[in-house]
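To start, the structure under review is shown below, and the notes come after it.
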Amino acid sequence: MPVVDYIPISVATLLPSEAVGLDLYQQERETNRLVLYRAAGYPLSFEDLERLRGRGVHQLFIRHDSREVYQKYLREVATRDDCQGVPFRARAGALTEVVRDVLQVAFAQQSLDQTVQAADELGSLAAEILTKDSFATNGLFRVLHHDYTTFTHSANVAFYCGVLASELGFDGEAIKQVTTGGLLHDLGKLEIAKELLCKGGRLDESEFRRIRLHPVIGFRKLAHREDMVEGQLMMAYQHHERLDGRGYPVGCVSSEIHPWAQLCSVVDVFEALTSHRPYRTPMPCSKAIMLQQRESGAAFNPEMLKCWKSIIQNSFVN
Ligand SMILES: [Fe+2]
Numbered sequence: 040m041p042v043v044d045y046i047p048i049s050v051a052t053l054l055p056s057e058a059v060g061l062d063l064y065q066q067e068r069e070t071n072r073l074v075l076y077r078a079a080g081y082p083l084s085f086e087d088l089e090r091l092r093g094r095g096v097h098q099l100f101i102r103h104d105s106r107e108v109y110q111k112y113l114r115e116v117a118t119r120d121d122c123q124g125v126p127f128r129a130r131a132g133a134l135t136e137v138v139r140d141v142l143q144v145a146f147a148q149q150s151l152d153q154t155v156q157a158a159d160e161l162g163s164l165a166a167e168i169l170t171k172d173s174f175a176t177n178g179l180f181r182v183l184h185h186d187y188t189t190f191t192h193s194a195n196v197a198f199y200c201g202v203l204a205s206e207l208g209f210d211g212e213a214i215k216q217v218t219t220g221g222l223l224h225d226l227g228k229l230e231i232a233k234e235l236l237c238k239g240g241r242l243d244e245s246e247f248r249r250i251r252l253h254p255v256i257g258f259r260k261l262a263h264r265e266d267m268v269e270g271q272l273m274m275a276y277q278h279h280e281r282l283d284g285r286g287y288p289v290g291c292v293s294s295e296i297h298p299w300a301q302l303c304s305v306v307d308v309f310e311a312l313t314s315h316r317p318y319r320t321p322m323p324c325s326k327a328i329m330l331q332q333r334e335s336g337a338a339f340n341p342e343m344l345k346c347w348k349s350i351i352q353n354s355f356v357n
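Listed below in structure tokens is the structure:
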């Protein structure tokens, strides 16, 4: 059975005692072959899911043609009004999958209206979940994906932005806007060749210059829109600026950098360090924070970094 016709899905998104409505496949360790784990009409019990996790199975597979059914299922899980019965892990996991899927399609179609609209809807949903539930103890970090694509990075950064904004005491509307801004902060990267973004090894001067244009490109694409607030535009434009003026694209200093861009910068770098890149392995969270700490006050806003550090330390240690 070729893996190529199947899509991996996260076990964290599955709920117990419900027929998912699609066949679930599991990959055999020795042969990498996919075998039927559970047929569509059968429920999954809490014990089944615990057993999978206990065996270190965090991924199952579905057939490619079941993708829409799965997306529908995810939306149902993520947006269900009665969230009492749905554990945070499943809600947040389902939402991150939806975010990735919607962003991937919107980015691929290069439709700005569609991308902004999707980001806005998803930002609201994410903010709602983040403000309602206690994220720190509920494993949000574990349900995020860590493969490298611009939309995965954007989805992770968006969640992190929402978490940090919430912990810093932003009100509900601001948390929503910051989360949406996080989804769009790297929009300008869509104009940059994938080969260049994923290139390992050293980049030459002209390649660096090209990549460093993405904040300007993103800002230009969004600047004329009436559905974006200033802070969100600044997140796209200034998320690579540093407090000491050694960032890009302008090299402005702390007082000139919008607070939301400073917030975005903290979580953007953390996400980049701790997720998988084609050219290096992910760094443990503790090490990433330690590295960022060295740049406190130089690159990063010290108060925001301190708050982020406590979120990470309270969430999990690795
Ligand atoms: Fe960026």
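Convert by adding 39 to the 1-based position in the sequence shown; the result is the number in the numbering used here. Glycine residues also receive a C-beta, built at the ideal position from the N, C-alpha and C atoms.
- Under the DSSP definition of a beta bridge, Leu113 lacks any partner.
- In this structure, Asp225 has its CB closer than 6 Å to one or more heavy atoms of ligand 1.
- Between Val196 and Val306, the CB-CB gap stays under 7 Å.
- Secondary structure of Gln143 (DSSP, three-state): helix.
- Burial check for Arg281: the Cβ neighbour count within 10 Å reaches 16 or more, so the residue is buried.
- Counting along the chain, the unbroken alpha helix (DSSP H) around Ser205 starts and ends at Thr189 to Glu206.
- Closest in C-alpha terms to Leu272, from the list Glu234, Ala166, Trp299 and Glu310, comes Trp299.
- Taking 7 Å as the cut-off, the beta carbon of Ile101 is found closer than this to the beta carbon of Ile46.
- If you ignore the 5 residues before and after Thr218, its C-beta comes within less than 7 Å of the C-beta of Gly162, Ala165, Ala166, Ala197, Cys200 and Gly201, all in its own chain and listed in chain order.
- In terms of Cα proximity to Ala194, the closest of Leu302, Pro317, Asp44 and Asp140 is Asp140.
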